[in-house]
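K.L.:
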Amino acid sequence: MPAVPLMDILKKAFDEHYGVAAFNVVNDLTMEAVLAAAQVSRAPVIVQTSVKTVRSIGSGVLFSMWEEMSKAVDVPVSLHLDHCPDRAVITECLQKGWNSVLFDGSQLSVVENLRQTTEVVHEARRYGAHVEGEIEAITGVEDGVGSDEDAAQQSLEVVLNFVRCSGIDVFAPAIGNAHGVYRSEPALDMQRVSDVVSATSIPIALHGGTGMAEAQFRGLIERGCAKINISTALKINFMQSSLAHLEKARFEGKWDPPSFFRDVRSSVMEMAAHHIQLFGSAGKA
Ligand code: 13P
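Just remember that the numbering used here sits 869 ahead of the position in the sequence shown, which is counted from 1.
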């Protein structure tokens, strides 16, 4: 099935109160494993790429991989560009065929962020693409973008004005969530999600999904978090399953790339299927 627009996936999830996992993939193997997990779970899924991944693999190669791999599944899937402060990369990905982008103007003044986000929304519409927006930097560094300093929340009034005036399709708030590994359970401002949703009816993107508690996911999904980003869990799983295979290979003196890829793929698939199940999207395709 060819990829579908982001909002085809998110509108249904938002209306029916389940979350769609959005995994940051890092190469061909992880892209294919995430799609395969969605297929076996009969779930919609969002595959997202960081700017770093776009630059290291190249948008052309990455998009060709996506086109071929997404054709092989018959559940709704969509390709998203995660945190991108660089307008040239936004344009490049929209031209290639990414279904949606997150313009990350959180380092700009609110006025300048609103101006540029509005421009990105107009640009995306020419390609039938959707836009996620943010004005409060999410704490933590995601593939080279962001900072470890605690994110400052804007007033609700500023947030609502940004959402309404920019025309974005999905909003990513800072609610005490952070990219990377949480040292303790995060204290989340769930009320902020309810406030934005009740005033604007816009689906919320939850960043920093790795390591949140099941009850937190449940509460946030119920309030309107329809897109849940998972990056660190995939990276850790990919690296640790690679290490486990390589340690075994050294011990046994057997160096066989196909079985290496098979082991890592099945581990990443299991991690993805676990999150899909946790967010309630299994069986929704
Ligand atoms: P984690 O790295 O905490 O999973 O967060 C992912 C994310 O929000 C990507 O934008």
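The C-beta atom is built at its ideal place from N, Cα and C for all residues, glycine as well. Every value quoted in this text rests on a predicted model; they were computed, and no experiment measured them.
Measuring CB to CB, does S969 end up less than 8 Å from L875?
P.N.:
Closer than 8 Å, so yes.
K.L.:
Contact between the region 1007-1020 and the region 984-996: three or more CB pairs below 8 Å?
P.N.:
no
K.L.:
CB-CB under 6 Å to E988, same chain, minus the five flanking residues each way: which ones, in chain order?
P.N.:
Here the set comprises nothing.
K.L.:
Taking 7 Å as the cut-off, is the beta-carbon of A1102 closer than that to any non-hydrogen atom of the ligand 13P?
P.N.:
yes
K.L.:
Could you tell me whether the region 1026-1041 touches the region 1105-1125, using the rule of 3 or more Cβ pairs below 8 Å?
P.N.:
no
K.L.:
DSSP three-state label for L875, please.
P.N.:
Three-state result, L875: helix.
K.L.:
Is N982 near the ligand 13P, going by C-beta to nearest heavy atom under 7 Å?
P.N.:
no
K.L.:
In the DSSP assignment, what are the bridge partners of V1039?
P.N.:
E1001
K.L.:
Any heavy atom of the ligand HEM closer than 7 Å to the Cβ of M1108?
P.N.:
As for the ligand HEM, it is missing from this structure, which binds only the ligand 13P.
K.L.:
What residues in its chain sit with their C-beta under 8 Å from that of S1128, if we drop five residues either side in the sequence?
P.N.:
H1114
K.L.:
Hey, could you find the ends of the beta strand (DSSP E) Q917 is sitting in?
P.N.:
914-918
K.L.:
Would you be able to state if there are at least three C-beta pairs under 8 Å between the region 945-952 and the region 906-925?
P.N.:
yes
K.L.:
Grab the span of the beta strand (DSSP E) containing N1106 for me, first residue to last.
P.N.:
Unbroken run through N1106 is the alpha helix (DSSP H), 1101-1121; no beta strand (DSSP E).
K.L.:
In whole angstroms, what is the alpha-carbon distance linking I1044 and I1004?
P.N.:
12 Å
K.L.:
Taking the beta strand (DSSP E) that I1073 falls in, what are its first and last residues?
P.N.:
It spans 1073-1075 - the beta strand (DSSP E) in which I1073 sits, taken as one unbroken run.
K.L.:
Measure how close the beta-carbons of N1098 and A882 come, nearest whole angstrom, since I'm counting them as under 8 Å.
P.N.:
Not a contact, Cβ separation roughly 14 Å.
K.L.:
Have a look at N982, G974, A998 and flag the residue whose alpha-carbon is nearest the alpha-carbon of W967.
P.N.:
A998
K.L.:
Under the assumption that G888 contacts S1063 (Cβ atoms under 8 Å), give the Cβ distance between them as a whole number of angstroms.
P.N.:
About 16 Å; that fails the 8 Å criterion.
K.L.:
I'd like the list of long-range same chain contacts for Q964, defined as Cβ closer than 8 Å, with 5 residues on each side in sequence excluded.
P.N.:
Y996
K.L.:
Is DSSP giving I1097 helix, strand or coil here?
P.N.:
In this structure, I1097 counts as strand in the three-state DSSP scheme.
K.L.:
Strictly by DSSP, which residues pair up with T1008?
P.N.:
A1047
K.L.:
Using DSSP with H/G/I as helix, E/B as strand and the rest coil, what is F1031?
P.N.:
Looking at F1031 - three-state DSSP - the assignment turns out to be helix.
K.L.:
Less than 8 Å between the beta carbons of G1152 and R911, yes or no?
P.N.:
yes
K.L.:
Taking the alpha-carbon positions, what's the A1095 to G1009 distance?
P.N.:
For A1095 and G1009, the distance between alpha carbons rounds to 21 Å.
K.L.:
What did DSSP end up calling F1148 once you bin it into helix, strand or coil?
P.N.:
In the structure shown, F1148 sits in coil (DSSP, three-state: anything other than H, G, I, E or B).
K.L.:
Enumerated in chain order, which unbroken segments of the beta strand (DSSP E) with a length of 3 residues or greater are wholly contained in the region 901-945?
P.N.:
List check, beta strand (DSSP E) in window: 914-918.
K.L.:
I need the boundaries of the alpha helix (DSSP H) containing N982, first residue and last residue.
P.N.:
979-994
K.L.:
Checking 8 Å against the spacing of the C-beta atoms, do V903 and A1141 come in under that value?
P.N.:
Cβ distance < 8 Å, so V903 and A1141 count as in contact.
K.L.:
So the alpha helix (DSSP H) L971 belongs to, where does it begin and stop?
P.N.:
Premise fails: L971 lies in the beta strand (DSSP E), 969-973, not in any alpha helix (DSSP H).
K.L.:
Check whether chain B comes within 8 Å of V909, counting only Cβ atoms and requiring the distance to be less than that.
P.N.:
This model lacks chain B altogether; it includes just one protein chain.
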